[in-house]
Each structure stands twice: as structure tokens, then as C-alpha cells.
Amino acid sequence: MKLPLLLALLLSTTLTLASPIPGDSPLISVEGRYQSLDTENVTRLGFPGTTLHLRFTGQKAIFHYEASSEQVLVDIQLNDTPYQRHQLTKGTATLELTAPPTTTAHELRIVLRTEGYQGTLKALSFEAPDGEIIQGPPLPKKKLLFIGDSITAGAATDYRKDDPKSGFLPSNGRYSYGYQLSRILDTQCHLVAFGGKGLVRDWQGMRSEPTAPNYYEQSLPNDPSTVWDNSQYIPDAVFICLGQNDFNKGIPDEEDWTAAYIAFIRKISRDAPNAPFFLLESPMYGPDNIKRLVARRYLNRVKDALPNIQIHLIQTAYLPGPTNAHPDKDGQKQIAEHLAPLVRETLQ
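Shown next as C-alpha cells:
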């Protein structure tokens, strides 16, 4: 073989191995809601806890991304090493990850920690300069759906020594009760959560703001133009933790609130006709708080109105975190562990 031809073949092989795959490649297993931008061949993430699973050979992987703000945080795990927090650069940038030399493929997991209102993340492409991106691991067969507010989003769960006690840094969807429960039960997890929102109004009492029935239909929480196709993900069980924000400015009207909840469950049940529902009380109210007691009465009324749908009412413990009433990662874990036996039995 002539030397120029041999060199050309070697270069071609190198380029094939090193060529990036687009962010919407089927080689990437996406767990959680996302928007697929076919015109750009990228995947856009906004709901917390959405996870990209992929595998690569060689020692390096490069993640090309675009973050809409400097408040976008991800947790990255390489193989079985501890997750590392990364605050992404606003705009287009790259993250380079180095793995130890091995003859087997490496597993890479990228978890969106923060919420959509804090910023969105576009996965532009991935490449393995000295190897190749290969098919990501299959996702678990069982699917869970968690709908809620900042509690379900994992707000204020992950405090680090030098972090401020508020803001986006302690946010971590990976520590939400839903994500932790899914790891316990080996299921997929979709967190459809938006901090400050409720069933009929937001934390300020404003009814003009989007509510859970709105963002339930969306691929991204703060972009109503992104319509989610619910047939893409039919959950085996649905968890709803709403009411904290509805009750924040006072107790909402019983007829109004329960009617909205009943209608919402009926809508979800049409999308997932075989799924049982688990309705959680807010863990941010004490056991004798009048708002918790009224919400409990409302939830019982909702359950009684839907006798043909399997509904479990969950009385959560009061689990304030170290700086505010949101449960931290340990409190969220307690909720997950409380739910696990019942959910496991229900799904059998």
C-alpha cells in the first residue's frame, strides 16, 4: 500500500473515532423531560433531575453545551466515582472529562441540578478524542412521574461549606425525594417541578401565573411553546406534592382547589390510565399547622371524588432544613424511604 493512501486511511479512522455526536443522538439515553431541537440536532434541558446517560471508550470525553445563564448547575459522575458539581459558563462552552486508562467503556452521567427558571441547558454534542461514543446504557423499564413545586425540584437540598444559604447553589434535583426514590427502586424518574408554583396560584397568591396543570404539558417548565408529548413517557405511578404555594398566602377556597385537583388527576389518568397516584402533603408545615390539617381534609375529598382511580394519601413528616423549611437531602431521603415499601408493593 502506498504511504499517502495509508496515511489517508489512518486520518480517516481518527476522524471517525473523534467526530462528535450531536446532542440529540440516539446513543445518548435521556432520563427526564427534554426538548429535542431537530433543526439544530441538540437536546435542551430545563426540568431538574433530567439526566444524560452515555458511554465512551478512550480516556477523554468532551461535552459541548450552551447554558442560558450562569446559574445552570450539573452534577457529573464518571463510572462509580462520586458526583462532582459543575457551575456552567453562560453561553457556548465545553467540559473536558478525563477517565483512568482501561480496556472497558466508561459510563458518564450528567444530571441537571437546577430549575428551568434558573436557566436551561442545551446539549450540543459529545466527542471522545481518543476513542468513541458508544450506545448509552438502557434505562430501567419502570417509570415514575413526580409533579410538584420547589420541594419536588430539590430546592435547598445540597448545602456546601462555603455556599450561601439561599439561591441556586444548594438546588439539586438529584437529591429530591423523587430522584432518590427512583434510585432505591431502580426506575426511571421524571421530575415535572417548578419552584413557587401551585395548583391554582403561585406563592404570591397570583392566579395569572402558570400552574402545575400548565407545565405538566410542557417540555420545559418556563416555556409554554414547548409542548410535551405525554405518550413518550407513560408512568407506572404518579406522585403529586402540591399545595405549599397555594396555601402560602392563606387557605384557598375548598371548592375551587379540590375541583382543580380532581380535574388535574383525571387529565393525568387519561395519559396514564393504569397508574396509581400518591398525593403527598407538604413536608414544610408542622403536624398541627392549620394549613396542613386543611390540606389533608381537601386531599381526602379529592380521593373520595375519584373512586375508580387508585389513590394513596401520604402524610409526610415535618422536615425543615438547616436554613429554611425546605427539606434538605436527608429530609428528602426520609420521604423516599417512607414511600419505597408502599410503592414497591403497589408496582408488583
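In case it helps, mature numbering (1 follows the signal peptide of the UniProt record, and there is no 0) puts the sequence shown at residues -18 to -1, 1 to 330.
Ideal placement from N, C-alpha and C gives every residue a C-beta, glycine not left out.
| Asked | Found |
| --- | --- |
| If you reduce the DSSP assignment to three classes, tell me which class Gly313 lands in. | helix |
| Which residue from Leu324, Asn61, Asn306 puts its Cα closest to that of Ser148? | Asn306 |
| Would you give the residue range spanned by the beta strand (DSSP E) that Arg37 belongs to? | 33 to 38 |
| Do Asp310 and Tyr141 have their C-beta atoms closer together than 8 angstroms? | yes |
| Quick check on DSSP: helix, strand or coil for Tyr47? | strand |
| What residues are listed by DSSP as bridge partners for His172? | Leu127 |
| If you compare alpha carbons, which of Phe45, Gln41, Phe38, Leu70 is closest to Glu52? | Leu70 |
| Buried or exposed: Ala299, going by 16 or more other Cβ atoms within 10 Å of its Cβ? | exposed |
| Determine the direct distance from the alpha carbon of Leu90 to that of Glu78, and round the result to whole angstroms. | 12 angstroms |
| Out of Lys143, Gly130, Asp218, which has the shortest C-alpha to C-alpha gap to Tyr197? | Gly130 |
| Could you tell me the distance, in whole angstroms, from the CA atom of Pro203 to the CA atom of Tyr99? | 8 angstroms |
| Could you tell me which of Phe229, Pro304, Leu106, Ser50 sits nearest to Gly178, measuring between CA atoms? | Phe229 |
| Between Ile3 and Phe45, how many whole angstroms is the CB-CB distance? I'm expecting something under 8 angstroms. | With a Cβ gap of about 11 angstroms, Ile3 and Phe45 do not count as contacting. |
| Assuming Leu329 contacts Val220 (C-beta within less than 8 angstroms), just tell me the rounded distance between them. | No, Leu329 and Val220 are not in contact; Cβ-Cβ is about 12 angstroms, not under 8 angstroms. |
| Report the option in Asn290, Tyr65, Lys72 whose CA atom is closest to the CA atom of Thr102. | Lys72 |
| By how many angstroms is the C-alpha of Gln17 removed from the C-alpha of Phe38? | 24 angstroms |
| Ser158: which of Ile291, Arg326, Leu321 sits nearest, CA to CA? | Leu321 |
| Under the DSSP definition of a beta bridge, which residues are partnered with Ser18? | Thr25 |
| Could you tell me the boundaries of the beta strand (DSSP E) in which Thr74 lies? | 73 to 80 |
| If you reduce the DSSP assignment to three classes, tell me which class Arg67 lands in. | strand |
| Indicate whether the contact test is met: 3 or more Cβ pairs, each with one atom in the stretch 284 to 294 and one in the stretch 103 to 114, closer than 8 angstroms. | no |
| Quick one: what's got a C-beta closer than 6 angstroms to Ile133's C-beta in the same chain, skipping five residues either side? | Cys223 |
| In whole angstroms, what separates the C-alpha of Pro83 from that of Asn23? | 31 angstroms |
| Any chance the stretch 201 to 218 sits against the stretch 152 to 167, with 3 or more Cβ pairs inside 8 angstroms? | no |
| Using the Cα positions of Phe246 and Gly225, report the straight-line distance between them to the nearest angstrom. | 13 angstroms |
| Can you tell me the Cα-Cα spacing of Asp144 and Gly313, whole angstroms? | 21 angstroms |
| In terms of alpha-carbon separation, which member of Pro265, Phe260, Asn271 lies closest to Pro323? | Phe260 |
| Quick one: Cα of Asp168 to Cα of Lys125, how far? | 9 angstroms |
| Out of Pro269, Pro146, Tyr280, Leu262, state which residue places its alpha-carbon closest to the alpha-carbon of Ile317. | Leu262 |
| Between the alpha carbons of Ala75 and Asp211, how many angstroms are there, rounded? | 30 angstroms |
| Exposed or buried, which one is Asn227 when buried takes at least 16 other CB atoms within 10 Å? | buried |
| Under a Cβ-count criterion, where at least 16 other Cβ atoms within 10 Å of its own Cβ denotes burial, should Arg279 be classed as buried or exposed? | exposed |
| Take Gly268 and list the residues in its own chain whose beta-carbon comes closer than 6 angstroms to its own, dropping the five residues that flank it on each side. | Tyr300 |
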